[in-house]
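Residues in the sequence shown are numbered from 62 upward in steps of one, following the working numbering. Ideal Cβ placement from N, Cα and C applies to all residues, glycine included. Quick caveat: nothing in here was measured; it's all calculated off a predicted structure. First the structure, in the form of structure tokens, and then the observations on it.
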Amino acid sequence: MAVSAAAGPLSNFLLAWASMIVYKCIVYSGMGNRIPVLMLFFYDMVVMNLSLTIFNLIPVPPFDGSRIVLLFLPQRLYFKAMRYERYIMIAVLFLVFFGLLNWPLSAAVNFMWGRLVELTGFVELLWG
62 MAVSAAAGPL
72 SNFLLAWASM
82 IVYKCIVYSG
92 MGNRIPVLML
102 FFYDMVVMNL
112 SLTIFNLIPV
122 PPFDGSRIVL
132 LFLPQRLYFK
142 AMRYERYIMI
152 AVLFLVFFGL
162 LNWPLSAAVN
172 FMWGRLVELT
182 GFVELLWG
């Protein structure tokens, strides 16, 4: 179950990585000045996919992160938490609605952005 739960966040991260490569190529080629909507599209793709990656890795039910945590928790604790899945989801929606998760999620996205810049550093080497 944990492997299939990790597929969603992993695919979002890979999409963010590929979009970052295209975004950097557009910026360094100068095409971003001629077609700014293209540059903005790939920038938004990176931000959106990183945000989805982080959001889905929140380790509370029903997000994928809770399925991954199963690997590290004893089953009785995991199933105890799953009994309250509906209430936890309401609490998370409340936190999102009132913006109480904005700072931690944006901090995590900014951290991941930095790692993504490092992982796509070869694009700078190609452009010299």
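If you count every other CB in all the chains shown that lies within 10 Å of the CB of residue i, and 16 or more means buried, which is it?
| i | result |
| --- | --- |
| Lys85 | buried |
| Met81 | buried |
| Leu118 | buried |
| Phe103 | buried |
| Ser190 | The structure shown has nothing for residue 190, since the chain only spans 62 to 189. |
| Ala127 | Note on residue identity: the sequence assigns Ser, not Ala, to residue 127. Label assigned to Ser127: buried. |
| Phe116 | buried |
| Pro122 | buried |
| Met173 | buried |
| Ile151 | exposed |
| Asn171 | exposed |
| Gly93 | buried |
| Asn110 | buried |
| Leu101 | exposed |
| Leu177 | buried |
One question on the structure: do residue i and residue j come within less than 7 Å of each other, judged by their Cβ atoms?
| i | j | result |
| --- | --- | --- |
| Ala169 | Asp125 | no |
| Val130 | Pro120 | yes |
| Thr114 | Pro70 | yes |
| Ala63 | Leu132 | yes |
Check whether the region 69-78 touches the region 140-148, taking contact to mean three or more Cβ pairs, one atom from each stretch, closer than 8 Å. no
Under 8 Å, with one C-beta from each stretch per pair, do the region 154-168 and the region 92-101 reach the 3-pair mark? no
Could you name each continuous alpha helix (DSSP H) segment of 4 residues or more that falls completely within the region 113-146, going from the start of the chain to the end? 125-130, 136-144
Uninterrupted alpha helix (DSSP H) stretches inside the region 64-108 (no shorter than 4 residues): 92-95
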